[in-house]
Amino acid sequence: MWGNHSKLLMVDLIGHGETESPGDMARYDIKKAAHDLKVLLDQLGIEKTDMLGYSMGGRTAITFGSMYPERIRKLVLESTTPGLENPAEREARVEQDNKLAMKIETEGLERFIDFWESILLFQSQLNLPKEIREQIRSQRLRNNLVGLANSLRGMGTGAQPSWWDKLKTFDFETLLITGELDEKFCKIAADMASKLPNATHLSIIDCGHAIHVEEREKFGTIVSEFLSNT
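Here it is in structure tokens:
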């Protein structure tokens, strides 16, 4: 749908998909991931871009916007956060993500995916057709064990900087999308919208954390219309 009016680049972040999963923990840093995106755009000769990010990808997109605001035309953020402002909350989240990383390493990827699919954040996906759920699971199982564990340790919400104070400097149009069943991220998005100078927040009814999965066509239409409008 977006390809009708855009050149679409779908990037696997470090430790995910087809991108490398190095053992060097220093490489797993959200600011380095944002810099990688800048280098990619430079190599492709793209001066200004629309950027869309979901969850951790959204945190990376916010990081990119904080570091290179002149490179963004419009920003779409799905179910994400600028980070944690409270140092104690960051410390607790780092500890939590370290435990999850150890769970991946000790129990294996399949056991971890079983656990991941059972958490409340993704319960609404149980309403999806079996074929779709199997496709999602298959995609998750193609990830690299080392990459996922290191990504949790180095690029988790607690490990990254808080970008809340940077939001007021985002002078580009920003679209925030959340699912109404995902109360945590609906509240975060509402707080973000109050700080962003040019933001719209849409909450999709009967939908959870991953709107692009649960309401694929609706999500595509919303994003396409937002990016097409000038």
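The sequence shown lines up with residues 1196 to 1425 when you count with my numbering. Heads up, the beta-carbon is just placed ideally off N, CA and C, and yes, glycines get one too.
Are residue i and residue j closer than 7 Å when you measure CB to CB?
i     : j     : result
G1403 : L1371 : no
L1347 : D1292 : yes
Y1249 : N1345 : no
L1391 : T1369 : yes
Which same chain residues, not among the five before or five after residue i, have their C-beta less than 8 Å away from its C-beta?
i     : result
P1264 : T1364, F1365, D1366, F1367
A1385 : H1396
Could you say which of the options lies nearest to residue i if we only look at CA atoms?
i     : options                    : result
S1216 : H1396, I1241, K1379, V1341 : V1341
A1394 : E1326, A1283, L1208, F1421 : F1421
E1284 : V1206, G1240, S1357        : S1357
A1229 : F1317, M1251, G1218        : M1251
F1317 : R1332, G1210, R1266, L1203 : R1332
Which residue comes first and which comes last in the beta strand (DSSP E) that contains residue i?
i     : result
K1269 : 1267-1273
H1230 : Here H1230 belongs to no beta strand (DSSP E); instead the alpha helix (DSSP H) covers 1225-1239.
H1396 : 1394-1399
I1372 : 1368-1374
Whose C-beta lies closer than 7 Å to the C-beta of residue i among residues of the same chain, with five residues either side of it excluded?
i     : result
V1289 : G1351, G1353, A1354
A1296 : A1344, L1347, R1348
I1400 : E1375
P1277 : I1257, S1357, W1358, W1359, L1362, M1387
In the DSSP assignment, find the unbroken alpha helix (DSSP H) run with residue i in it and report its ends.
i     : result
L1295 : 1282-1302
G1260 : 1251-1262
E1409 : 1406-1409
G1351 : Careful: G1351 lies outside any alpha helix (DSSP H) and carries neither H nor E.
E1326 : 1325-1336
K1363 : Element bounds for K1363: n/a, residue is neither H nor E.
K1382 : 1378-1390
Subject >> the stretch 1245-1259 / the stretch 1325-1337 touching (three or more Cβ pairs under 8 Å) >> reply: no
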